[in-house]
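*Asks:* Each residue of the sequence shown is one higher than the one before, starting from 3 at the first, in our numbering.
All C-beta atoms in this analysis are idealised placements derived from N, C-alpha and C, irrespective of residue type, glycine included.
Given the structure is predicted, the values throughout are model-derived calculations rather than measurements.
Handing you a structure now.
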Amino acid sequence: MNDTIIPLRALVEKWLAPTGTTPAHVVRTGRLAITRARYVWLEGAISSRPLTIVFFRHGKGSWDVFPPVEQAPAMSARYF
Numbered sequence: 003m004n005d006t007i008i009p010l011r012a013l014v015e016k017w018l019a020p021t022g023t024t025p026a027h028v029v030r031t032g033r034l035a036i037t038r039a040r041y042v043w044l045e046g047a048i049s050s051r052p053l054t055i056v057f058f059r060h061g062k063g064s065w066d067v068f069p070p071v072e073q074a075p076a077m078s079a080r081y082f
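Rendered as structure tokens:
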């Protein structure tokens with residue numbers, strides 16, 4: 003498992019490559035209703051075509067393009 007935390011700014015530069023002529027804009031920020039995970043909705047353009055990406059913040063502070071998996075309570079049993 004990769005525990006490297008990449009800042010949101012680095013991901014925006016990687017995916018949207020904003021410049022002075024084609025900037026990236028934050029459209030919306032918030033939290034998911036059920037998991038309360040943070041998200042940032044960004045819009046930009048690549049090769050003159052519009053692109054929208056939503057980044058989700060995960061538990062250890064990393065950002066990714068998929069929402070975090072909800073951690074549910076778990077039980078286990080052992081036979082002695």
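Say the cut is 7 Å; is the CB of Leu10 nearer than that to a heavy atom of the ligand HEM?
*Replies:* Looking at this structure, you won't find the ligand HEM or any other ligand, since it has none at all.
*Asks:* Assuming contact is defined by CB atoms lying nearer than 8 Å, are Val56 and Trp65 in contact in what I supplied?
*Replies:* no
*Asks:* So is Gly46 buried or exposed if we call it buried at 16+ other beta carbons inside 10 Å?
*Replies:* So Gly46 counts as buried.
*Asks:* Three-state secondary structure (DSSP) at Val71?
*Replies:* coil
*Asks:* In terms of residues, what are the limits of the alpha helix (DSSP H) holding Arg144?
*Replies:* The displayed coordinates of the chain run from 3 to 82. Any statement about residue 144 would go beyond what the structure contains.
*Asks:* Please report the straight-line C-alpha distance between Val29 and Arg80, rounded to a whole angstrom.
*Replies:* 50 Å
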